[in-house]
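Remarks on the structure that follows.
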Amino acid sequence: MKRLGVNIDHIATLRNARGENHPDPVYAAKFAKKVGADSITIHLREDRRHINDADAKRICSIKGLLVNLEISTNLDIVKNAMKIKPNFICIVPEKRKEITTEGGLDLIKNRTTIQNIIKKFKQLNIRTSLFVNPSLKDIRISKAISADCVEIHTGKLSNLVKKRKNFSNELKRIKKCSYLANDLGIEVHAGHGLDYKTTKILTSIKEIEEFNIGHFIIGESIFMGFKNVVKKFKTILK
Ligand code: PXP
């Protein structure tokens, strides 16, 4: 059974739109677990546009809940994350002006920085994942700098599928990276832009063990209900 990580950032986006306390991401985290999420993902962005420090602290202190905290390589954020001590860390690139994480990490440019961050989290026994583009070179670097997992950026595949364009080359790239990572002993995750259809397509890659999905789950919940959407993803991942 593949695992479903539910990204609840946009529960906080909605709460922040009103500047009050509803909908509460802490309640959402507990509720997601209750209805079948295997873990929760939150992204503590440098501009705190959705999840804030208090949310992250509270969510990471919920007993029995597995939390994957996405962070950039920003030193203050890294220090914060070390204090918050989530179960898992996923290092992502971050640009202030982007609407969402636009691509994987530049592992060539930031290799040493990321390697040092991985070391810090390993000392705290925190599983560390790197958000990477589907590139064999990046998988090899991830291994060389001792990442526990890679999360393969599926944004390009998702866009091609949604635009009904040919996605076979991109799927092949993701497959090859998943095989290589698995051979090297790195756990494989996938995320970004996933909906029912793209998730179903990716389930053909047995090496992918975890899917982290956010925007579609929150958006589709408006019509179908959060519980039903999470359950439908769980069925797809069976
Ligand atoms: N995985 C990572 C590393 C991300 O940065 C994001 C977006 O925050 C997601 C998964 C979820 O993407 P989406 O919201 O498009 O499902």
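Start counting the sequence shown at 220; every next residue gets the next number (this note's numbering). The beta-carbon is built from N, C-alpha and C at its ideal position, and this holds for glycine as well. Small disclaimer: the values here were computed from a predicted structure and weren't measured.
> Around the Cβ of Leu413, are there at least 16 other Cβ atoms within 10 angstroms (buried) or fewer (exposed)?
Replying inline: In the sequence shown, counting from the first residue as 1, residue 413 sits at position 194. Flag for Leu413 reads buried.
>> Checking the sheet assignment: what are the DSSP bridge partners for Arg346?
In response: One-based indexing of the sequence shown puts residue 346 at position 127. Answer by DSSP bridge pairing, in chain order: Phe307.
>> Ser258 and Gly224 - do their beta-carbons sit closer together than 7 Å?
In response: As a first step, residue 224 must be located in the sequence shown, where it is residue number 5. As a first step, residue 258 must be located in the sequence shown, where it is residue number 39. Yes, Cβ-Cβ distance for Gly224 and Ser258 is below 7 Å.
> With distances taken from CA atoms, which of Ala363, Lys416, Ala300 and Ser361 is nearest Ala273?
Replying inline: Stepping through the sequence shown from its first residue, residue 273 is reached at position 54. Ranking the options by Cα distance to Ala273, first place goes to Ala300.
>> With DSSP as the reference, identify every bridge partner of Leu294, one or two as the case may be.
In response: By 1-based counting over the sequence shown, the position of residue 294 is 75. Paired residues: none, contrary to the question.
>> Just to confirm before moving on: does the CB-CB distance between Thr292 and Thr332 stay below 7 Å?
In response: Residue numbering aside, residue 292 sits at position 73 when the sequence shown is read from its first letter. Residue numbering aside, residue 332 sits at position 113 when the sequence shown is read from its first letter. Their beta carbons are under 7 Å apart, which means Thr292 touches Thr332 by this criterion.
>> So, under 8 Å CB-CB, His269 and Ala231 are touching, yes? Tell me the CB distance rounded to an integer number of Å.
In response: In the sequence shown, counting from the first residue as 1, residue 269 sits at position 50. In the sequence shown, counting from the first residue as 1, residue 231 sits at position 12. In this structure His269 touches Ala231 by the C-beta definition: roughly 4 Å separates them, less than 8 Å.
>> Given a cut-off of 7 Å on the beta-carbon distance, is the pair Val245 and Val449 in contact?
In response: As a position in the sequence shown, residue 245 is number 26, starting the count at 1. As a position in the sequence shown, residue 449 is number 230, starting the count at 1. Between Val245 and Val449, the gap from beta carbon to beta carbon reaches 7 Å or more.
>> Taking 6 Å as the limit between beta carbons, can you name the residues of its chain near Phe452, skipping five residues before and five after?
In response: Sequence index remark: in the sequence shown, residue 452 carries index 233 (1-based). Correct list, in chain order: Leu223.
> Where does Thr260 sit, in a helix, a strand or coil, going by DSSP?
Replying inline: Locating residue 260 in the sequence shown gives position 41, where the first residue counts as 1. Three-state DSSP puts Thr260 in a strand.
> DSSP three-state call for Ala366: helix, strand or coil?
Replying inline: Locating residue 366 in the sequence shown gives position 147, counting from the first residue. Under the three-state reduction of DSSP output, Ala366 falls in the coil class, being neither helix nor strand.
> How should Thr454 be labelled, buried or exposed, when 16 other C-beta atoms within 10 angstroms of its C-beta is the threshold for buried?
Replying inline: Walking along the sequence shown from the start, residue 454 turns up at place 235. Classification for Thr454: exposed.
>> With the cut-off set at 7 Å, would you say Asn287 and Gly323 are in Cβ contact?
In response: For the purposes of this step, residue 287 is taken as the residue at position 68 of the sequence shown. For the purposes of this step, residue 323 is taken as the residue at position 104 of the sequence shown. Not a contact, by the Cβ cut-off of 7 Å.
> Between the region 369-386 and the region 338-358, do three or more beta carbon pairs fall short of 8 Å?
Replying inline: Touching, per the Cβ criterion.
> Given Lys249, which residues of its chain have a CB within under 8 Å of its CB, disregarding the five upstream and five downstream residues?
Replying inline: Translated into the one-based positions of the sequence shown, residue 249 becomes position 30. Cβ neighbours of Lys249 beyond the five flanking positions: Ile281 and Leu284.
> Touching or not, the region 395-404 and the region 436-446, by the rule of three or more beta carbon pairs under 8 Å?
Replying inline: no
>> Let me check you understand the geometry: is the CB of Thr320 closer than 6 Å to at least one non-hydrogen atom of the ligand PXP?
In response: The residue you call residue 320 lines up with position 101 of the sequence shown. Yes, since a heavy atom of the ligand PXP falls inside the 6 Å radius drawn around the Cβ of Thr320.
>> Looking at Ile364: is its Cβ nearer than 7 Å to the Cβ of Gln334?
In response: Numbered from its first residue, the sequence shown carries residue 364 at position 145. Numbered from its first residue, the sequence shown carries residue 334 at position 115. Going by beta carbons, Ile364 and Gln334 fall inside the 7 Å limit.
> With C-beta atoms as the reference, is His408 less than 7 Å away from Glu429?
Replying inline: Counting from 1 along the sequence shown, the entry for residue 408 is found at position 189. Counting from 1 along the sequence shown, the entry for residue 429 is found at position 210. Result yes, Cβ atoms of His408 and Glu429 sit closer than 7 Å.
> Relative to the C-alpha of Asn378, which residue among Ile290, His411, Arg264 and Lys328 is closest?
Replying inline: As a first step, residue 378 is located in the sequence shown; it is residue number 159 there, counting from the start. For Asn378, the nearest C-alpha among the options comes from His411.
>> Assuming the contact rule is C-beta atoms closer than 8 Å, Asp266 and Arg315 should be a hit. Round their C-beta distance to whole Å, please.
In response: Within the sequence shown, residue 266 is the residue found at index 47, counting from 1. Within the sequence shown, residue 315 is the residue found at index 96, counting from 1. Right, their Cβ atoms sit about 6 Å apart.
> Which word fits Lys384, buried or exposed, when buried means at least 16 other C-beta atoms lie within 10 angstroms of its C-beta?
Replying inline: Your numbering for residue 384 matches position 165 in the sequence shown. Within 10 angstroms of the beta-carbon of Lys384 lie fewer than 16 other beta-carbons, which makes it exposed.
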